[in-house]
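Visitor: Under the numbering used here, the letters of the sequence shown match residues 19 to 138, in that order.
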Amino acid sequence: HPAKPPAALLAGGETVVRVRGRGVGGRNQELCLSFAVAARCLPVSAACMGTDGVDGNSPAAGALVDGYTAEEAEKAGLNPLEHLDNNDSHTVFHKLGRSIYTGPTGTNVNDIFIALVYKT
19 HPAKPPAALL AGGETVVRVR GRGVGGRNQE LCLSFAVAAR CLPVSAACMG
69 TDGVDGNSPA AGALVDGYTA EEAEKAGLNP LEHLDNNDSH TVFHKLGRSI
119 YTGPTGTNVN DIFIALVYKT
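(1) What runs of the beta strand (DSSP E), each 3 residues or longer, lie entirely inside the region 58-130?
(2) Inspect the beta-carbon positions of Gly80 and Cys59 and report whether they are closer than 8 angstroms.
(3) If we count Cβ pairs, one from each stretch, closer than 8 angstroms, do we get three or more for the region 85-98 versus the region 29-38?
(4) Who are the near neighbours of Val110 in its chain, counting only those whose CB is closer than 7 angstroms to its CB and skipping five residues on each side?
(5) In terms of alpha-carbon separation, which member of Pro77, Lys137 and Gln47 lies closest to Ala64?
(6) Are Gly74 and Arg45 closer than 8 angstroms when you measure CB to CB?
(7) With a 10 Å radius around its C-beta and 16 neighbouring C-beta atoms as the bar for buried, classify Thr87 as buried or exposed.
(8) To the nearest angstrom, report how far apart Asp84 and Ala21 are at their CA atoms.
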């Protein structure tokens, strides 16, 4: 663990996404979906969002995930890895009700990533 649980991890900046597909999403939702796949069944939660209220070509600013998001997506008939390959993270989060919508904020201080690691 990079931090002994319970812990909160905060990061700012902007990630880079290699666009290969034709889906709907953005770098924050891609990061969240990747996190959800990597953190499967772990006692964690995370949110990533653009402070300008816009994430890529989607209407969302970002998303909220936890250690059970990937499993939840699969139960809903969604394959997280296929959606990542198609740069279609927003479709997953919108269908699961995990998107963060703010609308344009009129400001931009990069992106914010927050992760909580729970004590088990």
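Glycine included, C-beta positions come from ideal geometry on N, C-alpha and C.
Guide: Working from what's here:
(1) 62-68 and 80-84
(2) no
(3) Pairwise C-beta distances place the region 85-98 out of contact with the region 29-38, as fewer than three of them are shorter than 8 angstroms.
(4) Leu51, Ala91, Leu96, Pro98 and His101
(5) Gln47
(6) Between Gly74 and Arg45, the C-beta gap is smaller than 8 angstroms, which places the two residues in contact.
(7) Buried, since its Cβ has 16 or more Cβ neighbours within 10 Å.
(8) 17 angstroms
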